[in-house]
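Notes to accompany the following structure.
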Amino acid sequence: MRAHAHVDERNFSAFLNVLLFLSLSLSPLDSELKTDSVCVVLLFPSSQALGPLRLFQASLLFSTIAVAVAIEYYQPEQIHLAYGDSPNDIVVTWTTYSNCDSVVEYGVGGFALKAEGSTTKFVDGGSEKRVMFIHRVTLKDLIPDAKYSMCNSGYHCGSVLGWSGVFWFKTPPDDESKWSPFLAVYGDMGNENAQSLARLQEEVQRGVYDAIIHVGDFAYDMDSDNARVGDEFMRQIETVAAYLPYMTCPGNHEQTYNFSNYRARFSMPGDTEGLWYSFNMGPIHFVSLTTEVYYNFNYGMKQLVKQYYWLENDLKEASIPENRLKRPWIITYGHRPMYCSNDDYDDCRQHSTFVRSGIPFLKWFGLEDLLYRYGVDLSIWAHEHSYERLWPVYDYKVLNGSTSEPYRNPRATVHIVTGSAGCSERTDPFIPAKPDWSAYRNSDYGYTRIKAWNGTHLYLEQISDDQDGQVIDNIWIIKDKHEAFSTKDNIDSPPLNWT
Ligand SMILES: [Fe+2]
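For the sequence shown, the residue numbers in mature numbering (1 follows the signal peptide of the UniProt record, and there is no 0) are -31 to -1, 1 to 468.
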């Protein structure tokens, strides 16, 4: 930006004040201190021209003034929600670039309540070592079946140094057995080419969904350009994630710097920084997994082992008869699928997928046996940029409920792969010959909707963005009873004393 001015010695001081004003008022918003944001050309009258020394002094003074102009970033951005450790808790997370307090004012009928939380400094691992401050506040013991909404104040976050705009969210009903939660589920959505985002924004802001699950691979990538891509992606999803719990798991695109951008930016239940955890929604027990522990041995194997035994305990607990009666549906999600038929060389094309069969050679810690043993009803995956629905399958054997009604009382876990929400890598085609275990395939951009109507009926449908929101696939999974698929005890297990 250029400004022109005529000055003489008599009003030289006034002129410098003008320069200071310009430097303050015209600097663009950015996360760094700007010293070159205002370029001033001095045009002196020849008869009253300032000497070279005076001009040098002026430029020195202006440089000093410009360097001293630091920008503070107290304004909250990238606001998103997640379920806390109980269904009645909501965690609000946001970012600032200057250090400040973490406060949420909220309520039904006014900002009657105030909650304070933590501020964590996060330093990105890129060359610039960019610093941001992640704010987390848990809203506890929320009123059931309420809409903390804009007309009744909703919530805003920030501190006395700056508040966000006002957002709203809904809470589950008190009697969760009467709740039929409705979710949008997808993986692999990036900053560029986020095909599904606009439709999701419209639906979320109309209050269609209760939650969203993003099954790994965000932004492409959150750490790119010294984490600026992550910042912009988080701003993009604020338009949905500030209004409902946005539940996540990590994918391969999060692995840089040991998943630090993922772990810092999201706030999932439990104590693993969102690597694995479970939570409940009405009749569903959701389990979130990281498949990346099977593929990133450069970070060690400890996490793989810990997750495996945690998962077994979690499924065992969820399978206790009184728990399974209350939450009959067990649904897992993780990024890399056990099965896929895409035309690429990803691990899911191999027979002994690491996630399915376990670590190479030893075949320990494979997850398919756990899903089978504890009767996991549905497993959701992504990573392949397409949609694929499988028949109920275990160890490559199709175990349909019956020929006429394959998904009524299926005899194995149902898998779907839904990784086509849109990213810079576009979509993935399929191999021409559809395998026996694959029921339906489509490479349109889109996402999946899931609704658990009750303890016996679960509905899934796939939305195509290429076809303007058309439903291109749908099934009902109907189960009279939720239990282990088999009582056979010859499933291979890792040794219990593995350390
Ligand atoms: Fe991926």
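Each residue gets a CB set at the ideal place from its N, CA and C atoms; glycine is no exception.
The residue among H49, V60, L50 and W132 with its C-alpha nearest the C-alpha of Y42 is W132.
Here DSSP, grouped into helix, strand and coil, assigns A287 to helix.
Between V324 and G303, the CB-CB gap stays under 9 Å. Per DSSP, M250 is one residue of the beta strand (DSSP E) stretching across Y246 to M250. Rounded to whole angstroms, W445 and L429 show a C-alpha spacing of 6 Å. Ranked by Cα distance from C69, the first of H104, K295 and M270 is H104. The C-beta separation of T259 from W245 comes to about 6 Å, placing the pair in contact by the 8 Å criterion. Here C126 is bridged, per DSSP, to V73. Remark: C-beta atoms of V184 and M191 do not approach each other more closely than 9 Å. In this structure, V154 and Y416 form a Cβ contact; the two beta carbons are roughly 7 Å apart against a cut-off of 8 Å. With a beta-carbon spacing of about 15 Å, L359 and H320 fall beyond the 8 Å limit used to define contacts. Along the length of the segment 94 to 161, whole beta strand (DSSP E) runs at least 3 residues long occupy 100 to 108, 122 to 128 and 151 to 155, reported in chain order.
Taking C-alpha positions only, L340 is separated from N160 by approximately 33 Å.
Under the three-state reduction of DSSP, N230 is assigned to helix.
Burial check for S371: the Cβ neighbour count within 10 Å stays below 16, so the residue is exposed. For L359, the enclosing beta strand (DSSP E) starts and ends at Y356 to L359.
Taking the Cβ of A351 as the reference point, at least one heavy atom of ligand 1 falls within a distance shorter than 8 Å.
In this structure, the alpha-carbon of G243 lies about 29 Å from that of L130.
Contact between L347 and T382 holds, since their C-beta atoms are separated by about 7 Å, short of 8 Å. Around M101, the same chain offers T64, Y66 and F91 as residues with beta carbons nearer than 7 Å, after the five sequence neighbours per side are excluded. Per DSSP, the unbroken beta strand (DSSP E) holding T89 starts and ends at S87 to V92. In this structure, the CA atom of P219 is about 24 Å from the CA atom of N411. Proximity of the beta carbon of N221 to ligand 1 is indicated: a heavy atom of the ligand is located closer than 8 Å. Counting every other CB atom within 10 Å of its CB across the protein chains shown gives I289 a total below 16, marking it as exposed.
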